[in-house]
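In the UniProt record's numbering, the protein residues as written are 1 to 622. Glycine included, each C-beta is placed from N, C-alpha and C at the ideal position.
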């Protein structure tokens, strides 16, 4: 059963994303500590502005090195402020001017040194954290995708799936996971700065915070637009990724039909749609720092005015006001980064929603618990019906496959032959009826053990960018070469493989492009035979080949079929004349059954198909 697409809220997504963060909580703790130390040293570099100004311009200090304040300032200053100032001055200030300069110089150097070290450590740990979390998400998605049934792939574009593992995971990392450390660093900086501001003047701090909060209220309204445009960007990115994948995969057809301009227009249109969505997103996103900076400067001006009045009234010293303005100005960047990060997270919410929706998918074909034993008697298909959506493909189909016999399925395109093979392999389950393997319903079997009883060869040969040997022994990296060569020999592939530049170790390129069509098909037959399956399934295995290649592959298939159970879907009737039984499909039903000779004598659907093909082959020969 598949899950429906769900639009998650940020609150619902947080615990789902944190699931991938938990294994890295130790690394996350180190990252948070490193960022906290960075924020602390960053703030202290500004905190010593006041003693520097006092030393250089006023020289107001007591013999003990403690801070000397004007009487009216001492009366209005808080105990915390006085204690803080006395600590700083007692640590750095000396009765000797040059000793004070030396202490301040060393303090400034050490603060910037520790600030740089903690920033380096923070970046290093954060990168390890982010890459580790991204790997976990990609691995979880890939495992989920391999577990999902064919039904899922029937309703999703390949490009969308690729975009999910590349674009969406990247966006989630940049806009959400990366934001964890960024927000912690900036928020701790803000807290430290605000604490220092409160120590200097609670009144001026209140003025700055009120103005800043007004800006935040305006910025809050942008999040809805950012999430909407972010979703459009993700969809547009998936569309052009799908077109790119289809173009690369089908480049031969595209060039043969000279439709390159059509594909270019399609791709350009999709990338233009992405750009339009990105520009709309940027327009809103760019407003965030602009509004923040405007209100930040407004707060700075208001504090400068109110601070000047406090200075004139003796409530504040000039170095205190200068330090306050420095800290307030330094506070603008972390506030801006925090707000921009939160705004950017809206696109990350869209990506996270796509990822979580995929992880919530469940296979439509559920594995059983019984182990499928070697095939002994019969496979019984009883009253099976199946539909893709609302389109019926098979209607009340019943037949049996006995051990050791070859059964051929023939009929017009779309009559349900290939779908029948998909049901035998449990790529799908029938909506009605049942399939029994040696008397046990196939739904009861563990999928892996059941499918290992079969070997399949399809019209569309799927080979991988690897050696011939690894393509034959696919899934078994420690395969014995003798077993690989035995399977290739049975498939009539050993001779041509040995003639390749590096024999069985020759890389055959992407999708086996370095081999001919007939060679690719014989490698596919060898792969089907490698595990010595009980039942072989051939789905129009020669229909895409030229006459000579078809003859060679057909000879290989005929050799393979000796003493084996096989089901063959065939378009060319000449390839199945020796089948033990032939089932004729028409509009999803079995309308005839018998041997080649028996069906010709009945002069029914099979006889008409045979006569038509014979006429076409005679015309082609003349």
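The way I'd put it, the stretch 439 to 458 doesn't touch the stretch 467 to 484; fewer than three beta-carbon pairs between them come closer than 8 Å. Bounds of the beta strand (DSSP E) holding residue 592 are 589 to 594. Judged by DSSP secondary structure, residue 526 falls outside any beta strand (DSSP E) and instead within the alpha helix (DSSP H) spanning 517 to 530. Nearest Cα to residue 328 within the set 367, 200, 361 and 160: 200. When Cβ pairs closer than 8 Å are counted between the two stretches, the stretch 366 to 373 is seen not to touch the stretch 349 to 357, the count staying below three. The Cβ-Cβ distance between residue 291 and residue 234 does not fall below 9 Å. By the 16-neighbour rule on beta-carbons within 10 angstroms, residue 301 is exposed. Here the C-alpha atom of residue 517 lies approximately 14 Å from the C-alpha atom of residue 492.
Residue pairing by DSSP puts residue 435 in a beta bridge opposite 381. Separation of residue 124 and residue 36 (C-alpha to C-alpha, rounded to the nearest whole angstrom) is 15 Å.
DSSP places residue 365 outside any beta strand (DSSP E), giving it a letter other than H or E. For residue 458, same chain residues with a beta-carbon under 6 Å away, outside a window of 5 residues either side, are 539 in chain order.
Between residue 467 and residue 508, the alpha-carbon positions lie close to 6 Å from each other. Proximity of the stretch 585 to 598 to the stretch 411 to 420 meets the contact definition, three or more beta-carbon pairs being nearer than 8 Å. No Cβ-Cβ contact shorter than 9 Å links residue 378 with residue 421. In the three-state scheme derived from DSSP, where H, G and I count as helix and E and B as strand, residue 440 is classed as strand. Here the alpha carbons of residue 169 and residue 13 stand approximately 14 Å from one another.
In the structure shown, the three-state DSSP call for residue 25 is helix.
By the Cβ rule, the stretch 495 to 510 does not count as touching the stretch 553 to 569, because fewer than three pairs are nearer than 8 Å. Unbroken beta strand (DSSP E) runs of no fewer than 3 residues, entirely contained in the stretch 149 to 224, are not found.
Considering only 390, 248 and 225, the residue with the shortest C-alpha distance to residue 284 is 225.
In the same chain as residue 401, and ignoring 5 residues on each side of it, the C-beta atoms closer than 7 Å to its own belong to 378, 379, 407, 565 and 567, in chain order. Each residue's CA atom was taken as its position, placing residue 246 and residue 524 some 23 Å apart. Residue pairing by DSSP places residue 581 opposite 407 in a beta bridge. In the structure shown, the three-state DSSP call for residue 8 is coil.
DSSP places residue 39 within a helical segment (H, G or I) once states are collapsed to three.
The beta carbons of residue 464 and residue 419 sit about 26 Å from each other, so the pair does not count as a contact at 8 Å. Non-local beta-carbon contacts of residue 607 in its own chain, meaning distances under 6 Å to residues more than five positions away in sequence, involve 600 in chain order. Inclusion of residue 163 and residue 271 in the CB contact set at 9 Å is not warranted, their separation being larger than that value. The way I'd put it, the stretch 188 to 206 does touch the stretch 23 to 42; three or more beta-carbon pairs between them come closer than 8 Å. Of the other Cβ atoms in all chains shown, 16 or more fall within 10 Å of the Cβ of residue 521; this residue is therefore buried.
The beta carbons of residue 384 and residue 397 sit about 5 Å from each other, so the pair counts as a contact at 8 Å.
Its chain contains 161 as the residues whose beta carbon lies nearer than 7 Å to that of residue 145, once the 5 sequence neighbours on both sides are disregarded; these appear in chain order. Residue 425 is positioned such that its CB atom lies closer than 9 Å to that of residue 537. In the three-state reduction of the DSSP assignment, residue 274 falls in the helix class.
DSSP, read as helix, strand or coil, puts residue 416 in coil.
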